[in-house]
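Asker: Residue numbers (the UniProt record's numbering): 1 to 121.
Backbone N, C-alpha and C fix where the C-beta goes; we use that ideal spot for every residue, glycine too.
The structure follows.
The structure is reproduced here in structure tokens:
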């Protein structure tokens, strides 16, 4: 029992967009397509509320990345997906984990993959 070590933490999952309009509704290693508006108004605010640093959010110490890759489009009528993260699983997506989560949101906790998420990379 030492205050310098984590004893237990809440782990918000699945970062980011595990599901959505194009998801088959089960654990999936497929690509999830979300509109930019839906991503910014539905998915990101929930994660920001718990993963942003204390004072800005709840300050969770960990996050769980999702199996699927994420494709953000201007409109659901736009697929197929363009962009650098196309087809990259969330657990390997540098723009998502390093760019958004660590650099923009200043998250300093750890990221863990769900079950076999790392194996699917």
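What would DSSP say about residue 60, mapped onto helix, strand or coil?
Answerer: coil
Asker: Quick check on the DSSP output: the alpha helix (DSSP H) that includes residue 88 runs from which residue to which?
Answerer: Looking at the DSSP string, residue 88 is not in any alpha helix (DSSP H), and its letter there is neither H nor E.
Asker: Assuming residue 161 and residue 60 are in contact, meaning their beta carbons sit under 8 Å apart, how far apart are those beta carbons, in whole angstroms?
Answerer: The requested residue 161 does not occur in the structure, where the chain is confined to residues 1 to 121.
Asker: Could you tell me whether the Cβ atoms of residue 34 and residue 43 are closer together than 8 Å?
Answerer: In contact: residue 34 and residue 43 (Cβ atoms closer than 8 Å).
Asker: Since I believe residue 13 is in contact with residue 53 (beta carbons under 8 Å), could you give me their beta-carbon distance rounded to a whole number of angstroms?
Answerer: 19 Å between Cβ atoms; not a contact.
Asker: Taking the straight line between their C-alpha atoms, what separation do you get for residue 11 and residue 38?
Answerer: 23 Å
Asker: Once the 5 residues before and after residue 75 are set aside, which same chain residues still bring their CB inside 7 Å of it?
Answerer: 35
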